[in-house]
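Trainee: Okay, here's the structure, questions in a sec.
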Amino acid sequence: MSNKIKLSIVIPIYNRETSLVPCVENVLSQDYKNFELILVNDASTDSTEGICKTYAQKYTNVSYVTNNENLGPGLTRNVGLDKATGDYIIFLDSDDKYDKKLFSTVVKAIEKRHPDILVYSLWEEYYNADGQLMYKNSHSLPSTHLTEKEDIHRFAVLLEEETMLGYPWNKAYNLDYLRKCKARFTDIKHVEDILFNIDAFENASSLVVLEDKLYRYCNTADNRLTEKYLPEYFELQKKRIKKFYNQQKRFGTLDRYCLSVLAGEYYRWLLSAVERQINAEIPEEEISSFLRDEFKSKLFRKLRNYLDVGPKLRVLYLPIYNCNVKGTIFIAGKVSLVKNGMPGVFSVLKQNR
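Next up, the structure:
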């Protein structure tokens, strides 16, 4: 590792001509300057490549790569990972916002502890179609430094409960460590980030968490209505649950608290899967068949009795707990009405679940 920490910043980009310039300018304005910025253009069809080329020509620490075909965010991050030359790598998304002291704050902590992985806290912000901020919610955990593997594995459950484990952009990874543990993003359309981080945490022997909220994850509520229907959505969510479940079991940290976190996720994503099927106008009998099969599954039986949520969510999930097919479809239909009719309200309710 060099005497002065060098950061590799990787931004995967697809058709972001309207947000790319402020994103890059934000990176260039950071108060820590020893970094390389790698722009990975995922075969964009707009003017993204031209913007990348302009910055690469103007700044010696900026480079860009253009994929020959559209690979998706996961494999595009791998391209940047392979090209990176820094001590630590940070993945950023081109439509989010960053605290101007993100790099300097992260580097200060790295120089003190030299962790395998560093996690920083964040703001989750929701904007309407006019760009006005409707609601914001923080995800933050107390600053800590862990060096025992069991402590790191148990803390990973807390990160997952706070929705801070899966994101690739609220972390700085030791690049040598990542390459030694062979963590890679997989070629799937969903949950590739959490699967990557589960692998990254597998052999971590040093973890630093910063309570500083350095990242602003920006959502436009109306965009949620344009998401394409993903038939394998719930199977992919189950894949992430099973992988985390098996990892915690292997390390002997699959306790009741961990199971309750996974049960809460399972119930939430099962209800979301039904709601998405309703939006996609899947026939009710097909949805009913899907639910009947799921209520017989091993994962459902494993997690059914570990649900530990507040009274409001318990009422929402009661039909699932009781294996009530019609009741689950009814509740999912009501959720769909709120999500489509009042996306701003839905965003607030979702964050206060």
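Positions in the sequence shown are counted from 1; adding 12 to them yields my numbering.
Beta carbons: idealized from backbone N, C-alpha and C, even for Gly.
1) Enumerate in chain order the residues of its own chain whose CB-to-CB distance from Tyr-245 is below 7 Å, with the five nearest sequence positions on each side excluded.
2) Identify the residues that DSSP records as bridge partners of Tyr-139: which are they?
3) Just confirm the distance between the C-beta atoms of Leu-226 and Ser-133, as a whole number of angstroms; I'd bet it's less than 8 Å.
4) Please report the straight-line C-alpha distance between Ile-50 and Gln-42, rounded to a whole angstrom.
5) Could I get the ranges of all uninterrupted alpha helix (DSSP H) runs contained in the segment 124-203, with 4 residues as the minimum, in chain order?
6) Going by CA-CA distance only, name the one from Gln-69, Asn-291, Ser-59 and Leu-40 that's closest to Gly-345.
7) Go through its chain and collect everything with a Cβ distance to Thr-117's Cβ below 8 Å, but skip five positions before and after it.
8) Can you tell me whether DSSP reads Thr-366 as helix, strand or coil?
9) Taking Cβ positions, are Asn-186 and Tyr-100 nearer each other than 8 Å?
10) Please report the residue range of the beta strand (DSSP E) in which Pro-24 lies.
11) State the DSSP-derived secondary structure class of Val-321, mapped to helix, strand or coil.
12) If you follow the alpha helix (DSSP H) that Tyr-279 is part of, which residue opens it and which one closes it?
13) Could you tell me the boundaries of the beta strand (DSSP E) in which Phe-103 lies?
14) Give a yes or no on whether the minimum CB-CB distance between Tyr-26 and chain D is below 8 Å.
15) In whole angstroms, what separates the C-alpha of Val-33 from that of Asp-188?
16) Does the segment 211-218 come within contact of the segment 135-154, defined as at least 3 CB pairs closer than 8 Å?
17) Measure the C-alpha to C-alpha separation of Gly-339 and Glu-174 and round it to an integer number of angstroms.
Mentor: So, from the data block:
1) His-202, Ala-285 and Arg-288
2) Leu-145 and Thr-232
3) 7 Å
4) 15 Å
5) 161-173 and 187-193
6) Asn-291
7) Asp-111, Tyr-132, Leu-222, Asp-224 and Leu-226
8) Not covered by the structure: residue 366. The range shown for the chain is 13 to 365.
9) yes
10) 19-25
11) coil
12) 268-291
13) 100-103
14) Looking at the structure shown, chain D is missing, and only one protein chain is on hand.
15) 30 Å
16) no
17) 29 Å
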